[in-house]
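Enquirer: This structure is in structure tokens; I'll ask about it shortly.
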Amino acid sequence: MYRMVVRELGGPAALEREELGEMVAAPGQVVIGVKAAGCNFADILITQGKYQVKPELPFAPGAEVSGTVIEVGEGVDQFSRGDRVCALLEHGGYASHVSAPEARVFAVPDGTSFEDAAALGVVYQTSYVALVPRARLRPGETLLVHAAAGGVGLSAVQIGVALGARVIGTAGTEEKLELVRAHSADAVINYRREDFVDRVMELTEGRGADVIYDPVGGDTFDRSLKCIAFDGRALVIGFASGTIPTPRMNRVLLKNISLLGVHWGLYFDKDPAVVREAQRAIFEMHAAGKITPLVSATYPLSEASAALEALAGRKTTGKVVLIP
166 MYRMVVRELG GPAALEREEL GEMVAAPGQV VIGVKAAGCN FADILITQGK
216 YQVKPELPFA PGAEVSGTVI EVGEGVDQFS RGDRVCALLE HGGYASHVSA
266 PEARVFAVPD GTSFEDAAAL GVVYQTSYVA LVPRARLRPG ETLLVHAAAG
316 GVGLSAVQIG VALGARVIGT AGTEEKLELV RAHSADAVIN YRREDFVDRV
366 MELTEGRGAD VIYDPVGGDT FDRSLKCIAF DGRALVIGFA SGTIPTPRMN
416 RVLLKNISLL GVHWGLYFDK DPAVVREAQR AIFEMHAAGK ITPLVSATYP
466 LSEASAALEA LAGRKTTGKV VLIP
């Protein structure tokens, strides 16, 4: 039993292996033997001390795992030893075994692989919550997804298509654009070669995008308000560019724009029913073949540093998964 921890906030390179003792399930907790753990951009930030969650050192990053139940604590009545489950954590998922509160554990349907179950966690939850309860995306509306070939962006493309929207995706290489096309986007834009604002307006015949999904931030978000439709909704997903945008509020006023923050993890504290309903809907879409996570790379858990470095360098598409 082991985990990958940071003892000082030095980024992914600071991760090192730490052996674990026997793990006993406390009351209300479920001990899981981890078969797969998903990597997210937030895992990079948390190792740098730049994420909103700041655990005490030393700690293991990792917000999503899948595996089998090893032991349940007193009071746990939804799960039993041997159940196939996934869990969504604040941190700690980069481990061979984890202990999770029952409320953060979900049954994995038969036929869903452990790799897919781990990949259907944070990014699909983020996109579903953003597009359904937050933006209330409707069939026939236009959805613009930035960084559409990344893990979170590709999940938004897939869910947008499943919801009946017309989806436009942006990416920076032809290879990534082809990937977005392969996942049924209606149109793609190479933001390095084209002005995405002009292209979105052209594709929508001057109307603009009804919903804009932005995990990039910075200038990308500010310029997106130039190609948003009247009564449009702009989703603040994250700041992969490293710059927090400062939108011009006159644009918000003149177009009746709604700026919608998506702090998905907070729903566990404020309204956990939202998370449980999202996971139910995600597994249902997956079973119906409407969404399929792209696990583009797997790494041994002991090579978590290399996995996060590849993610940080934008050398990956879709999802990166660690295997203990």
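Just so it is clear: in the sequence shown, position 130 is 295 by the working numbering, and no numbers are missing.
Ideal Cβ positions, reconstructed from N, Cα and C, are used throughout, including at glycine.
None of the values given here were measured: they were computed from a predicted structure.
#1: Would you mind sorting Asp379 into buried or exposed? The rule is 16 or more other CB atoms within 10 Å of its CB.
#2: Straight-line CA distance for Tyr432 to Val401?
#3: Assign Met414 to buried or exposed, taking buried as 16 or more other Cβ atoms, counted over all protein chains shown, within 10 Å of its Cβ.
#4: List the DSSP bridge partners of Cys251.
#5: Just mark His451 as buried or exposed, buried being the case when its beta carbon has 16 or more other beta carbons within 10 Å.
#6: Please classify Lys435: is it buried, with 16 or more other beta-carbons within 10 angstroms of its beta-carbon, or exposed?
#7: Ends of the beta strand (DSSP E) at Leu309?
#8: Within a Cβ cutoff of 7 Å, which residues of the same chain sit near Ser292, ignoring the five residues on either side of it in sequence?
#9: Excluding the 5 residues flanking Pro458 on each side, which residues of the same chain have their C-beta closer than 6 Å to its C-beta?
#10: Identify every residue that forms a DSSP beta bridge with Tyr167.
#11: What number of angstroms, rounded off, separates the C-alpha of Glu306 from the C-alpha of Leu419?
#12: Alpha carbon to alpha carbon, how far is Val439 from Ala300? Give it in angstroms, no decimals.
#13: Within the continuous beta strand (DSSP E) that includes Lys200, where are the two ends?
#14: Name the one or two DSSP bridge partners that Ala477 has.
#15: Classify Ile447: buried if its beta carbon has 16 or more other beta carbons within 10 angstroms, exposed otherwise.
#16: Measure how close the beta-carbons of Ala471 and Leu487 come, nearest whole angstrom, since I'm counting them as under 8 Å.
#17: For a minimum of 3 consecutive residues, which ranges assigned as the beta strand (DSSP E) are wholly contained in the region 304 to 349?
#18: Can you list, in chain order, the residues of its chain whose CB lies under 8 Å from that of Ala193, leaving out five sequence neighbours each side?
#19: Rounded to the nearest angstrom, how far is the Cβ of Ala313 from that of Val345, given a contact under 8 Å?
#20: Return the CA-CA distance between Ser406 and Glu343, expressed in angstroms with no decimal places.
#21: Look at the Cβ atom of Val234, then the Cβ atom of Gly247, and state whether they are nearer than 8 Å.
#22: DSSP state of Ile456, grouped into three classes?
#23: For Pro223, which residues in the same chain have their Cβ closer than 8 Å to its Cβ, ignoring the five residues on either side in sequence?
#24: Leaving aside the five residues before and after Pro352 along the sequence, list all residues of the same chain whose C-beta is less than 6 Å from its C-beta, in chain order.
#25: For my contact list, Val250 and Ala272 are in at a C-beta cut-off of 8 Å; report their separation, rounded to the angstrom.
#26: Report the three-state DSSP secondary structure of His428 (helix, strand or coil).
#27: Between Pro489 and the rest of its own chain, which residues show a CB-CB distance below 7 Å, the 5 nearest in sequence each way excluded?
#28: According to the neighbour-count rule (16 or more other Cβ atoms, all chains shown, within 10 Å of its Cβ), is Ser311 buried or exposed?
#29: Going by the beta-carbon positions, is the gap between Asn355 and Ala374 smaller than 8 Å?
#30: Just reading off the beta strand (DSSP E) that Leu400 is part of, what are its end residues?
#31: To the nearest angstrom, report how far apart Asp360 and Trp429 are at their CA atoms.
#32: List the DSSP bridge partners of Glu236.
Expert: According to the data block:
#1: buried
#2: 16 Å
#3: exposed
#4: Ser231, Phe271
#5: buried
#6: exposed
#7: 307 to 310
#8: Val317, Ser320, Ala321, Ile324
#9: Asp281, Ala284, Leu285, Lys484
#10: Glu184
#11: 20 Å
#12: 14 Å
#13: 194 to 203
#14: None, per the DSSP bridge assignment.
#15: buried
#16: Going by Cβ atoms, the distance from Ala471 to Leu487 rounds to 10 Å, so no, they are not a contact pair.
#17: 307 to 310, 331 to 336
#18: Checking the displayed sequence, the identity of residue 193 turns out to be Gly instead of Ala. Cβ neighbours of Gly193 beyond the five flanking positions: Gly238, Glu239, Gly240, Val241, Pro266, Glu267.
#19: 5 Å
#20: 22 Å
#21: yes
#22: coil
#23: Val170, Val171, Arg172, Glu183
#24: Note that residue 352 is Ala in the sequence shown, not Pro. The answer, listed in chain order, is Ile333, Leu368.
#25: 6 Å
#26: coil
#27: Val199, Ser261, Leu466
#28: In the sequence under discussion, the amino acid at residue 311 is His, which differs from the Ser named in the question. By the neighbour-count rule (16 or more Cβ atoms within 10 Å), His311 is buried.
#29: no
#30: 393 to 401
#31: 30 Å
#32: Val196
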